[in-house]
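J.: Just so we're aligned, residue 1 is where the sequence shown starts under the numbering used here, counting upward by one. Cβ atoms here follow ideal geometry from the backbone N, Cα and C, with glycine treated the same way.
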Amino acid sequence: MSDSEWFFIVNVGKIMICGGGSELSLRKWAKLFLKTLLVGAIGAVIVGLGLQLFNGAIEFTGTADLLLYPLILLGYGALVSVYSQMGFFAYLTLNYMGIGIFKRRTWQYIQIGLSVLALFELMFFRTFVGGNESLGHDLTLGIGILIVAIVVAYFKAKSTNASAWIPTIFFMIAVTTVEIIGVLSIGERNATLFIIIPLLICNAYQILTLHKVTQDEKKS
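(1) Roughly how many angstroms lie between the CA atoms of VAL45 and TYR154, to the nearest whole one?
(2) Under the three-state reduction of DSSP, which class applies to THR36: helix, strand or coil?
(3) Going by DSSP in three states, ASN161 sits in which element: helix, strand or coil?
(4) Are the beta-carbon atoms of LEU210 and LEU73 separated by less than 9 Å?
(5) Can at least three beta-carbon pairs, one atom from the segment 106-118 and one from the segment 185-198, be found at a separation below 8 Å?
(6) Buried or exposed: VAL47, going by 16 or more other Cβ atoms within 10 Å of its Cβ?
(7) Could you spell out the range, first to last residue, of the alpha helix (DSSP H) harbouring VAL183?
(8) Would you identify the three-state DSSP class for PHE102, choosing helix, strand or coil?
(9) Considering only residues of the same chain and omitting the five flanking positions on each side of LEU230, which have a CB-CB separation below 7 Å?
(10) Starting from the Cα of VAL152, find the closest Cα among LEU193, LEU139, TYR205, LYS35 and give me that residue.
(11) Is MET123 buried or exposed, if buried means 16 or more other CB atoms sit within 10 Å of its CB?
(12) In chain order, what residues of the same chain have a beta carbon less than 6 Å from the beta carbon of ALA41, not counting five sequence neighbours either side?
(13) Rounding to the nearest angstrom, what Cα-Cα distance links THR160 and HIS137 in this structure?
(14) Check each candidate in ALA164, THR177, LYS103, LYS158 and name the one with the smallest Cα separation from ILE143.
(15) Is GLU121 helix, strand or coil by DSSP?
(16) Give the straight-line distance between the Cα atoms of ILE180 and ALA64, rounded to the nearest whole angstrom.
(17) When we look at the beta-carbon of MET86 and count the other beta-carbons within 10 Å, is it buried (16 or more) or exposed?
(18) With a 10 Å radius around its C-beta and 16 neighbouring C-beta atoms as the bar for buried, classify VAL39 as buried or exposed.
(19) Using CA atoms only, rank isn't needed, just tell me which of VAL148, LYS158, GLY182, LEU184 is closest to CYS202.
(20) Pop quiz: LYS156 and ILE207 are said to be a contact at Cβ under 8 Å. What is the actual Cβ separation, rounded to whole angstroms?
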């Protein structure tokens, strides 16, 4: 079952991942939620400490600050994880609607088109429409997200089948772009990286893990 065939229905203690007859219990979904929460928290700690190591943006006044800082990073990472999971649910719903309205090939073309538009919006819109002098940063960000999307889609297709390429790239590019629109308005590079990198990690983890969770549930 490819990602483009997934959608969910909450039904008497079950979250049904439909399209291949698989069902995902609330217990399994809660386990996925907690694991993604942990991934986001750990990712935020690593990114935050890395940014602090190389940029030194925050000045610590004592030992208490040094001990408190990782805890703050954990909390922010958990929040980013929840935000990522909201986007993932929205993605599953959108795929369900797209599959129900359009033919499979048409929906694939739409996903490709939306992914391209999202990349162009991410890389050029703020510079040419908003007048911001951030073209270099936006290009780097867009290319980085594209590379991550291709790598994630490769491993997803390798784990499932070739039909997972397009929906995975769509999720990693278009959905991620929608999620980070508010972050880009901050205009501070460290803050942007601190949120975007854990968000990408959480998105990648969810899309690469869901089919494994549903397979385990079906076997059990």
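T.: Result, derived from the coordinates:
(1) By one-based count along the sequence shown, residue 45 stands at place 45. By one-based count along the sequence shown, residue 154 stands at place 154. Their Cα atoms are separated by approximately 27 Å.
(2) Here residue 36 corresponds to residue number 36 of the sequence shown, with the count starting at 1. Here THR36 sits in helix by DSSP.
(3) As a working mapping, residue 161 is identified with position 161 in the sequence shown. In the structure shown, ASN161 sits in coil (DSSP, three-state: anything other than H, G, I, E or B).
(4) Here residue 210 refers to the residue found at position 210 of the sequence shown. Here residue 73 refers to the residue found at position 73 of the sequence shown. No. Outside cutoff.
(5) no
(6) Translated into the one-based positions of the sequence shown, residue 47 becomes position 47. So VAL47 ends up on the buried side.
(7) Position 183 of the sequence shown, counting from 1, holds the residue named residue 183. VAL183 -> alpha helix (DSSP H) spans 176-184.
(8) Residue numbering aside, residue 102 sits at position 102 when the sequence shown is read from its first letter. Coil, per DSSP.
(9) The chain is shown only over 1 to 220; residue 230 falls outside these bounds and no answer can be derived.
(10) Indexing the sequence shown from 1 puts residue 152 at position 152. That would be TYR205, whose Cα lies nearest to the Cα of VAL152.
(11) Position 123 of the sequence shown, counted from the first residue, corresponds to residue 123. Per the 10 Å Cβ criterion, buried.
(12) Against the sequence shown, residue 41 aligns to sequence position 41. LEU74, GLY77, ALA78.
(13) On the sequence shown, residue 160 is found 160 positions in, with the first residue counted as 1. On the sequence shown, residue 137 is found 137 positions in, with the first residue counted as 1. The alpha-carbon atoms of THR160 and HIS137 are separated by roughly 34 Å.
(14) Stepping through the sequence shown from its first residue, residue 143 is reached at position 143. Nearest of ALA164, THR177, LYS103, LYS158 to ILE143, Cα basis: THR177.
(15) Taking the sequence shown and counting its residues from 1, the one referred to as residue 121 is at position 121. Of the three classes helix, strand and coil, the one that applies to GLU121 here is helix, per DSSP.
(16) Reading the sequence shown from its first residue, position 180 is the one you call residue 180. Reading the sequence shown from its first residue, position 64 is the one you call residue 64. One C-alpha to the other measures close to 32 Å.
(17) The count along the sequence shown starts at 1 and reaches residue 86 at position 86. Exposed, by the Cβ-count rule.
(18) Residue 39 sits at position 39 when you count from the first residue of the sequence shown. With 16 or more Cβ atoms within 10 Å of its Cβ, VAL39 is classed as buried.
(19) Locating residue 202 in the sequence shown gives position 202, counting from the first residue. Checking every option, the nearest Cα to that of CYS202 belongs to VAL148.
(20) On the sequence shown, residue 156 is found 156 positions in, with the first residue counted as 1. On the sequence shown, residue 207 is found 207 positions in, with the first residue counted as 1. That pair is a contact at about 6 Å.
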